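Residue numbers (our numbering), protein chains in the order written: chain F, -15 to 98; chain P, 3 to 115. Every residue, glycine too, gets a C-beta built ideally from N, C-alpha and C. Given the structure is predicted, the values throughout are model-derived calculations rather than measurements.
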């Protein structure tokens, strides 16, 4: 089954404790992206990757890191989480040509930072 | 700046037709998407417009006017299961690569019996 998986699905942590949210897709997509979703603000892009070793900032990259060492995986790293990073996070992937096409989203990770 | 506007909420009756509008201002344009998101779930793809005009897909249609920076999603024969948020998104990259995606805040649609 074609899918995007994220782990963990739920996470409660404390300020400053480094964490990683994993994302994996089995569709051989070149493009992967991370979004956060907050009430009233919609989905905001954090980072995206056009292929292995190629990443770029979205609209809200501060406080986050990513890496793309393999095509299927795109982990999101919070080196020193803060309460304002409490949010619902989605990973997505897509094939690309002249542009990004429809994105397939993972189930989401609900993160709470206390 | 970059901005995508859509109404916050709409209510419609089962069996009716509803139109959800989206206006956008972005520094580049490589296509407009509509996604559906049920409460507590991930967004799922509905439609993609890159050229002006209407794209029809079953009960759902999407229209684009690039010169006006305007799109709408038309839902026909509304069903209770259509109660969800509808997200308008633009594929935008000022460098022309088309790989950055900007979402509107979404329109919550309530379908009543």
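Please compile the residues from chain P whose C-beta is within a distance smaller than 9 Å of the C-beta of residue i.
i: residue -5 of chain F; result: The premise fails here: residue -5 of chain F is roughly 16 Å from chain P at the closest Cβ pair, so nothing lies under 9 Å.
For residue i, I'd like the list of residues in its chain whose CB is within less than 6 Å of its CB, leaving aside the five on either flank, ordered along the chain.
i: residue 36 of chain F; result: 52 and 55
i: residue -4 of chain F; result: 96
i: residue -9 of chain F; result: 6
i: residue 11 of chain P; result: 110
i: residue 9 of chain P; result: 109
Our contact map puts residue i next to residue j with C-beta atoms below 8 Å; I'd like the distance itself, whole angstroms only.
i: residue 38 of chain P; j: residue 86 of chain P; result: 5 Å
i: residue 22 of chain P; j: residue 111 of chain P; result: 7 Å
i: residue 19 of chain P; j: residue 83 of chain P; result: Going by Cβ atoms, the distance from residue 19 of chain P to residue 83 of chain P rounds to 16 Å, so no, they are not a contact pair.
i: residue 31 of chain F; j: residue 15 of chain F; result: Their Cβ separation, rounded to whole angstroms, is 12 Å, which puts residue 31 of chain F and residue 15 of chain F out of contact at 8 Å.
i: residue 103 of chain P; j: residue 91 of chain P; result: 6 Å
For residue i, which of the options has the nearest alpha-carbon?
i: residue 29 of chain F; options: F/77, F/81, F/57 and F/98; result: F/77
i: residue 13 of chain F; options: F/68, F/62, F/72 and F/58; result: F/58
i: residue 65 of chain P; options: P/36, P/19 and P/88; result: P/36
i: residue 67 of chain F; options: F/-15, F/-11 and F/1; result: F/1
i: residue 115 of chain P; options: P/40, P/50 and P/13; result: P/13
i: residue 60 of chain P; options: P/105, P/10, P/48 and P/69; result: P/48
i: residue 89 of chain P; options: P/50, P/58 and P/57; result: P/50
i: residue 48 of chain F; options: F/64, F/80 and F/38; result: F/64
i: residue 10 of chain F; options: F/4, F/-13 and F/79; result: F/-13
i: residue 85 of chain F; options: F/17, F/-7 and F/-11; result: F/17
Residue i touches chain P at which residues, Cβ-Cβ below 8 Å?
i: residue 109 of chain F; result: Outside the modelled stretch of chain F, which goes from -15 to 98, sits residue 109 of chain F, for which no answer is possible.
i: residue 86 of chain F; result: 35, 47 and 50
i: residue 17 of chain F; result: 103
i: residue 74 of chain F; result: 44 and 45
Go through its chain and collect everything with a Cβ distance to residue i's Cβ below 7 Å, but skip five positions before and after it.
i: residue 43 of chain F; result: 28 and 29
i: residue 71 of chain F; result: 20, 21, 22 and 95
i: residue -15 of chain F; result: none
i: residue 54 of chain P; result: 66, 67 and 68
Using a Cβ cut-off of 9 Å, pull out every chain F residue sitting near residue i, in sequence order please.
i: residue 89 of chain P; result: 26 and 27
Note down, in chain order, every chain P residue with its Cβ under 7 Å from the Cβ of residue i.
i: residue 91 of chain F; result: 44
i: residue 42 of chain F; result: 102
Using C-beta distances below 8 Å, list every residue in its chain close to residue i, excluding the 5 sequence neighbours before and after it, in chain order.
i: residue 45 of chain F; result: 30 and 31
Could you tell me whether any Cβ in chain A is nearer than 8 Å to the Cβ of residue i?
i: residue -3 of chain F; result: Here the protein chains are F and P, and chain A is not one of them.
query = Touching or not, the region 65 to 82 of chain P and the region 80 to 89 of chain F, by the rule of three or more beta carbon pairs under 8 Å?
reply = no
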